Amino acid sequence: MDENRALLRHTLATLAYRATRALENAPASFADFDGAGRPPVQILAHMGDLFDWALSIARGNERWHNSKPLVWPAEKQRFFDALAAFDAFLASSAPLQAPVDGLFQGPIADALTHVGQLAMLRRLAGAPARSENFYVASIAIGQVSAEQPAPSAPF
């Protein structure tokens, strides 16, 4: 695997890890929290759409779809499934039909921003996610599901 694809895959694993931390143990009411812009369930639906879009771009068949949010557990699963599908494509030998920098600066960077929004919304909703030292987190290429290692250095 070339270095660019490896870096994209590490970024996806980082995103999965941080998204898991932003979502885990959130109260059920968090999905519809409306205290600051779009509710979390809509943000997560958009994040799933971003990775469906990223995969379509990588395959050379760009398409965008605005999904209607599913119920919270299903929407979380859809996001991680879309992330895993894109990661699987990057892990394959299939040729990338788009520039790596475009994939990073578009859908991936957008999703990183939205993970930060979810973490901030948790705090605003009165259920903050626990902080941790992400520099020492156990993040590994290919680890893109909601099943993530325990926090390495929470504080």
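Numbers given in our numbering equal positions in the sequence shown, counted from 1, plus 48.
For every residue, glycine included, the Cβ atom is placed at its ideal position computed from N, Cα and C.
These numbers were taken from a predicted model, which means no experiment stands behind them.
For the 8 Å Cβ check, are there 3 or more pairs between the region 50-65 and the region 183-200?
The region 50-65, when compared against the region 183-200, does touch it at the 8 Å Cβ threshold.
I need the DSSP call for Glu51, collapsed to helix, strand or coil.
Position 3 of the sequence shown, counted from the start, is the residue given in the question as residue 51. Three-state DSSP puts Glu51 in a helix.
Tell me which residues share the same chain as Val163 and place their Cβ nearer than 7 Å to its Cβ, disregarding the 5 neighbours each side in the sequence.
Translated into positions along the sequence shown, residue 163 becomes position 115. Closer than 7 Å at the Cβ level, and outside the excluded window around Val163, lie Leu63, Arg66, Ala67, Ala70.
Between Phe99, Leu151, Ala177, which has its C-alpha nearest Pro202's C-alpha?
As a first step, residue 202 is located in the sequence shown; it is residue number 154 there, counting from the start. Out of Phe99, Leu151, Ala177, Ala177 has the C-alpha closest to the C-alpha of Pro202.
Give me the Cβ distance between Ser115 and Gly96, rounded to the nearest whole Å; I'm assuming they're in contact under 8 Å.
Counted from its first residue, the sequence shown places residue 115 at position 67. Counted from its first residue, the sequence shown places residue 96 at position 48. At roughly 6 Å, the Cβ-Cβ gap stays under 8 Å, so Ser115 and Gly96 are in contact.
Just grab the DSSP bridge partners of Pro202 for me.
In the sequence shown, residue 202 corresponds to position 154, counting from 1. Paired residue(s): Glu180.
Quick test of the definition: if touching needs 3 or more C-beta pairs under 8 Å, does the region 96-109 touch the region 148-162?
These segments touch.
Whole angstroms is fine: what's the gap from Leu172's alpha carbon to His94's?
Taking the first residue of the sequence shown as position 1, residue 172 is located at position 124. Taking the first residue of the sequence shown as position 1, residue 94 is located at position 46. If you take the alpha carbons of Leu172 and His94, they lie about 20 Å apart.
Could you check what DSSP says for Trp120 in three-state terms: helix, strand or coil?
Mapped onto the sequence shown, residue 120 falls at position 72. Trp120: helix per DSSP, three-state reduction.
Please classify Pro88: does DSSP put it in a helix, a strand, or coil?
Working through the sequence shown from its first residue, we reach residue 88 at position 40. Looking at Pro88 - three-state DSSP - the assignment turns out to be helix.
Is Val89 closer than 8 Å to Asp82 when the C-beta atoms are compared?
Within the sequence shown, numbered from 1, the residue matching residue 82 stands at position 34. Within the sequence shown, numbered from 1, the residue matching residue 89 stands at position 41. In this structure, Val89 does not lie closer than 8 Å to Asp82 by Cβ.
Which stretch, first to last residue, makes up the alpha helix (DSSP H) that contains Leu151?
As a first step, residue 151 is located in the sequence shown; it is residue number 103 there, counting from the start. That run of the alpha helix (DSSP H) goes 148-151.
Nearest to Tyr183 by alpha carbon, out of Glu72, Ala175, Ser200, Asn73?
Sequence index remark: in the sequence shown, residue 183 carries index 135 (1-based). It is Ser200 whose Cα lies nearest to the Cα of Tyr183.
Below 8 Å on the Cβ atoms is my contact criterion, and I expect Glu123 with Leu144 to pass it. Report the Cβ-Cβ distance as a whole number of Å.
Position 75 of the sequence shown, counting from 1, holds the residue named residue 123. Position 96 of the sequence shown, counting from 1, holds the residue named residue 144. Contact flag wrong, Cβ pair sits at about 28 Å.
Is it buried or exposed for Arg170, if we count other Cβ within 10 angstroms and need 16 for buried?
In the sequence shown, residue 170 corresponds to position 122, counting from 1. Buried is the call here.
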